[in-house]
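Residue numbers (the numbering used here): 2 to 252.
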(Lines of atoms letter the chains of each structure in order from A and count residues from 1; the text may use other names and numbers.)
(Lines give C-alpha, C1' and ligand atoms only; values in the text may rest on other atoms or scores of the structure.)
Protein backbone atom coordinates (compact mmCIF):
# COMPACT_ATOMS: atom_id res chain seq x y z
CA UNK A 1 0.00 0.00 0.00
CA UNK A 2 1.41 3.46 -0.93
CA UNK A 3 2.67 5.49 1.99
CA UNK A 4 0.16 8.11 3.13
CA UNK A 5 0.71 11.44 4.85
CA UNK A 6 -1.61 13.49 7.06
CA UNK A 7 -1.89 17.12 6.03
CA UNK A 8 -3.90 19.94 7.52
CA UNK A 9 -4.77 23.43 6.44
CA UNK A 10 -7.31 26.16 5.89
CA UNK A 11 -9.92 25.70 3.17
CA UNK A 12 -9.26 28.25 0.42
CA UNK A 13 -12.88 28.47 -0.71
CA UNK A 14 -15.74 25.98 -0.40
CA UNK A 15 -15.39 22.31 -1.29
CA UNK A 16 -16.82 21.16 -4.61
CA UNK A 17 -17.31 18.17 -6.89
CA UNK A 18 -15.66 17.20 -10.16
CA UNK A 19 -16.57 14.47 -12.65
CA UNK A 20 -14.17 12.27 -14.60
CA UNK A 21 -15.70 9.61 -16.86
CA UNK A 22 -18.82 9.56 -14.75
CA UNK A 23 -16.95 9.25 -11.46
CA UNK A 24 -17.56 12.12 -9.07
CA UNK A 25 -14.82 13.24 -6.70
CA UNK A 26 -14.75 15.78 -3.89
CA UNK A 27 -12.26 18.58 -4.56
CA UNK A 28 -10.99 21.32 -2.27
CA UNK A 29 -7.99 23.63 -1.88
CA UNK A 30 -5.96 24.27 1.26
CA UNK A 31 -3.93 27.44 1.76
CA UNK A 32 -1.91 27.62 3.89
CA UNK A 33 -1.30 23.95 4.64
CA UNK A 34 1.31 21.67 6.14
CA UNK A 35 2.18 18.11 6.84
CA UNK A 36 1.18 17.55 10.45
CA UNK A 37 3.71 19.22 12.77
CA UNK A 38 5.74 20.51 9.80
CA UNK A 39 6.21 24.03 8.40
CA UNK A 40 3.25 25.87 6.90
CA UNK A 41 3.30 26.15 3.09
CA UNK A 42 2.06 29.30 1.35
CA UNK A 43 1.69 27.74 -2.11
CA UNK A 44 -1.73 26.09 -2.09
CA UNK A 45 -2.52 22.39 -2.43
CA UNK A 46 -5.50 20.87 -4.23
CA UNK A 47 -6.88 17.67 -2.73
CA UNK A 48 -9.10 15.31 -4.71
CA UNK A 49 -10.99 12.51 -2.94
CA UNK A 50 -12.24 9.94 -5.47
CA UNK A 51 -15.34 7.84 -4.83
CA UNK A 52 -14.98 4.72 -2.73
CA UNK A 53 -15.87 1.21 -3.87
CA UNK A 54 -19.31 1.73 -2.36
CA UNK A 55 -20.01 4.59 -4.72
CA UNK A 56 -20.13 8.39 -5.00
CA UNK A 57 -19.24 10.49 -1.99
CA UNK A 58 -21.56 13.24 -0.86
CA UNK A 59 -20.09 16.74 -0.95
CA UNK A 60 -19.89 17.68 2.75
CA UNK A 61 -20.03 21.39 1.84
CA UNK A 62 -16.98 22.43 3.80
CA UNK A 63 -16.80 26.21 3.87
CA UNK A 64 -13.86 28.45 3.11
CA UNK A 65 -11.87 29.28 6.22
CA UNK A 66 -12.54 25.97 8.00
CA UNK A 67 -9.52 24.01 9.22
CA UNK A 68 -9.36 20.34 8.26
CA UNK A 69 -7.03 17.34 8.33
CA UNK A 70 -6.93 14.66 5.63
CA UNK A 71 -4.75 11.68 4.73
CA UNK A 72 -3.19 11.91 1.25
CA UNK A 73 -0.89 9.92 -1.00
CA UNK A 74 2.04 11.31 -2.97
CA UNK A 75 2.18 15.11 -3.10
CA UNK A 76 3.20 16.42 -6.52
CA UNK A 77 3.74 19.83 -8.09
CA UNK A 78 1.53 20.60 -11.07
CA UNK A 79 0.22 23.54 -13.09
CA UNK A 80 1.94 25.82 -15.59
CA UNK A 81 5.19 27.79 -15.63
CA UNK A 82 3.37 30.92 -14.53
CA UNK A 83 1.05 29.27 -12.00
CA UNK A 84 1.89 26.09 -10.13
CA UNK A 85 0.41 24.41 -7.09
CA UNK A 86 0.63 21.19 -5.08
CA UNK A 87 -1.76 18.30 -5.71
CA UNK A 88 -2.61 15.09 -3.87
CA UNK A 89 -5.19 12.32 -3.85
CA UNK A 90 -6.90 12.09 -0.47
CA UNK A 91 -9.03 9.52 1.31
CA UNK A 92 -11.90 9.90 3.75
CA UNK A 93 -12.46 10.80 6.45
CA UNK A 94 -11.71 14.53 6.43
CA UNK A 95 -11.75 15.83 9.99
CA UNK A 96 -12.50 19.36 11.09
CA UNK A 97 -9.91 20.73 13.49
CA UNK A 98 -10.70 23.02 16.44
CA UNK A 99 -10.32 26.77 16.18
CA UNK A 100 -7.39 26.57 18.60
CA UNK A 101 -5.28 25.29 15.69
CA UNK A 102 -5.69 28.64 13.97
CA UNK A 103 -3.38 30.21 16.52
CA UNK A 104 -0.58 28.02 15.15
CA UNK A 105 -1.04 29.35 11.64
CA UNK A 106 1.35 32.23 11.95
CA UNK A 107 1.94 34.08 8.72
CA UNK A 108 5.38 32.97 7.55
CA UNK A 109 7.89 35.77 7.16
CA UNK A 110 7.93 37.50 3.80
CA UNK A 111 10.71 36.13 1.59
CA UNK A 112 13.61 38.52 1.16
CA UNK A 113 15.42 39.57 -1.97
CA UNK A 114 18.46 37.61 -3.08
CA UNK A 115 21.59 39.37 -4.30
CA UNK A 116 23.52 37.39 -6.92
CA UNK A 117 27.05 38.31 -8.02
CA UNK A 118 26.06 38.20 -11.71
CA UNK A 119 22.31 38.80 -11.90
CA UNK A 120 22.20 41.48 -9.21
CA UNK A 121 19.18 41.81 -6.92
CA UNK A 122 16.31 39.39 -7.52
CA UNK A 123 12.94 40.03 -5.91
CA UNK A 124 10.57 37.26 -4.81
CA UNK A 125 7.21 37.08 -6.59
CA UNK A 126 5.15 34.66 -4.51
CA UNK A 127 2.12 34.73 -6.82
CA UNK A 128 4.23 33.23 -9.60
CA UNK A 129 6.61 31.11 -7.54
CA UNK A 130 9.83 32.70 -8.78
CA UNK A 131 12.54 35.30 -8.21
CA UNK A 132 12.94 37.92 -10.93
CA UNK A 133 15.22 40.70 -12.11
CA UNK A 134 16.13 42.58 -15.27
CA UNK A 135 19.23 41.99 -17.33
CA UNK A 136 20.82 45.32 -18.34
CA UNK A 137 17.30 46.83 -18.22
CA UNK A 138 16.47 45.07 -21.49
CA UNK A 139 14.69 41.85 -20.56
CA UNK A 140 13.36 40.05 -17.51
CA UNK A 141 14.77 36.81 -16.13
CA UNK A 142 12.92 34.56 -13.69
CA UNK A 143 14.03 31.58 -11.61
CA UNK A 144 11.35 29.30 -10.17
CA UNK A 145 11.69 27.97 -6.62
CA UNK A 146 9.80 25.25 -4.77
CA UNK A 147 9.42 26.92 -1.39
CA UNK A 148 10.15 30.54 -0.48
CA UNK A 149 10.36 29.57 3.19
CA UNK A 150 13.52 27.55 2.55
CA UNK A 151 16.07 30.31 2.10
CA UNK A 152 19.10 28.11 1.48
CA UNK A 153 17.25 26.16 -1.22
CA UNK A 154 16.17 29.42 -2.88
CA UNK A 155 19.73 30.72 -2.93
CA UNK A 156 20.91 27.43 -4.43
CA UNK A 157 18.15 27.63 -7.07
CA UNK A 158 19.21 31.18 -7.98
CA UNK A 159 22.84 30.12 -8.31
CA UNK A 160 21.83 27.20 -10.53
CA UNK A 161 19.48 29.45 -12.51
CA UNK A 162 22.22 32.01 -13.08
CA UNK A 163 24.35 29.38 -14.81
CA UNK A 164 21.42 28.37 -17.03
CA UNK A 165 20.61 32.00 -17.91
CA UNK A 166 24.18 32.90 -18.85
CA UNK A 167 24.43 29.72 -20.93
CA UNK A 168 21.20 30.59 -22.77
CA UNK A 169 22.45 34.12 -23.48
CA UNK A 170 25.59 32.70 -25.08
CA UNK A 171 23.47 30.54 -27.37
CA UNK A 172 21.56 33.38 -29.08
CA UNK A 173 23.16 32.61 -32.47
CA UNK A 174 22.42 28.90 -32.11
CA UNK A 175 18.87 29.70 -31.08
CA UNK A 176 18.60 31.93 -34.12
CA UNK A 177 19.66 29.08 -36.44
CA UNK A 178 17.05 26.74 -34.94
CA UNK A 179 14.32 29.38 -35.02
CA UNK A 180 15.09 30.37 -38.60
CA UNK A 181 15.03 26.76 -39.76
CA UNK A 182 11.56 26.33 -38.27
CA UNK A 183 9.91 29.69 -38.87
CA UNK A 184 11.31 31.13 -42.12
CA UNK A 185 9.42 28.61 -44.31
CA UNK A 186 6.26 29.26 -42.27
CA UNK A 187 6.58 33.01 -42.75
CA UNK A 188 7.19 32.82 -46.48
CA UNK A 189 4.30 30.42 -46.99
CA UNK A 190 1.60 32.05 -44.89
CA UNK A 191 2.69 35.44 -43.53
CA UNK A 192 4.45 37.26 -46.38
CA UNK A 193 1.26 38.68 -47.92
CA UNK A 194 2.99 39.87 -51.07
CA UNK A 195 5.99 41.38 -49.29
CA UNK A 196 9.62 40.37 -49.69
CA UNK A 197 10.67 36.89 -48.69
CA UNK A 198 12.13 36.47 -45.22
CA UNK A 199 15.68 35.11 -45.09
CA UNK A 200 17.31 33.27 -42.22
CA UNK A 201 19.87 36.05 -41.90
CA UNK A 202 17.18 38.74 -41.62
CA UNK A 203 15.22 36.84 -38.97
CA UNK A 204 18.35 36.09 -36.94
CA UNK A 205 19.38 39.75 -37.04
CA UNK A 206 16.00 40.80 -35.64
CA UNK A 207 16.06 38.47 -32.64
CA UNK A 208 16.54 39.91 -29.15
CA UNK A 209 15.72 38.41 -25.77
CA UNK A 210 12.40 39.48 -24.22
CA UNK A 211 12.56 37.12 -21.25
CA UNK A 212 14.37 34.05 -19.93
CA UNK A 213 12.77 31.76 -17.37
CA UNK A 214 14.41 28.87 -15.53
CA UNK A 215 12.41 25.93 -14.16
CA UNK A 216 13.46 23.89 -11.10
CA UNK A 217 14.46 21.08 -13.50
CA UNK A 218 17.05 23.38 -15.09
CA UNK A 219 15.09 23.74 -18.33
CA UNK A 220 14.97 27.25 -19.77
CA UNK A 221 12.11 28.97 -21.58
CA UNK A 222 13.05 31.94 -23.74
CA UNK A 223 10.92 34.58 -25.44
CA UNK A 224 12.55 36.68 -28.17
CA UNK A 225 11.46 39.80 -30.00
CA UNK A 226 11.58 39.37 -33.78
CA UNK A 227 11.21 42.91 -35.06
CA UNK A 228 8.62 43.54 -37.78
CA UNK A 229 8.23 39.88 -38.67
CA UNK A 230 5.08 37.99 -37.66
CA UNK A 231 3.25 41.27 -36.88
CA UNK A 232 3.00 41.67 -33.08
CA UNK A 233 4.10 38.14 -32.18
CA UNK A 234 7.28 37.17 -30.38
CA UNK A 235 9.16 33.87 -30.75
CA UNK A 236 9.47 31.23 -28.05
CA UNK A 237 11.81 28.27 -27.57
CA UNK A 238 12.77 25.84 -24.85
CA UNK A 239 16.21 24.60 -23.86
CA UNK A 240 16.11 21.34 -21.90
CA UNK A 241 18.31 20.73 -18.88
CA UNK A 242 20.56 18.76 -21.23
CA UNK A 243 20.79 21.64 -23.69
CA UNK A 244 18.40 20.48 -26.43
CA UNK A 245 16.49 23.27 -28.21
CA UNK A 246 12.83 22.48 -28.87
CA UNK A 247 9.25 23.80 -28.76
CA UNK A 248 9.96 26.63 -31.22
CA UNK A 249 6.91 28.67 -32.12
CA UNK A 250 5.18 32.04 -31.93
CA UNK A 251 4.21 33.58 -28.60
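Don't be surprised by glycine CBs; every beta carbon is placed ideally from N, CA and C.
Residue i to residue j span [Cα, whole Å]
i	j	result
residue 126	residue 198	42 Å
residue 71	residue 225	45 Å
residue 230	residue 194	12 Å
residue 77	residue 89	7 Å
residue 217	residue 165	11 Å
residue 50	residue 138	47 Å
residue 64	residue 149	28 Å
residue 241	residue 214	12 Å
residue 2	residue 27	Because residue 2 carries a pLDDT of 47, less than 50, the predicted location of this residue cannot be relied on, and the following value inherits that uncertainty. Residue 2 and residue 27: Cα-Cα distance of roughly 22 Å.
residue 73	residue 99	20 Å
residue 44	residue 245	30 Å
residue 18	residue 25	6 Å
residue 129	residue 46	15 Å
residue 62	residue 34	19 Å
Backbone secondary structure at residue i - three-state DSSP
i	result
residue 222	strand
residue 13	coil
residue 243	coil
residue 208	coil
residue 103	helix
residue 201	helix
CB of residue i within 9 Å of CB of residue j, strictly
i	j	result
residue 177	residue 208	yes
residue 10	residue 69	yes
residue 155	residue 146	yes
residue 158	residue 132	yes
residue 227	residue 221	no
residue 6	residue 36	yes
residue 169	residue 102	no
Bridge-paired residues (DSSP) for residue i
i	result
residue 24	21
residue 70	9, 96
residue 142	134, 213
query = Unbroken beta strand (DSSP E) runs of length 3 or more, entirely within the segment 145 to 191: which are they?
reply = Qualifying beta strand (DSSP E) stretches: none in this window.
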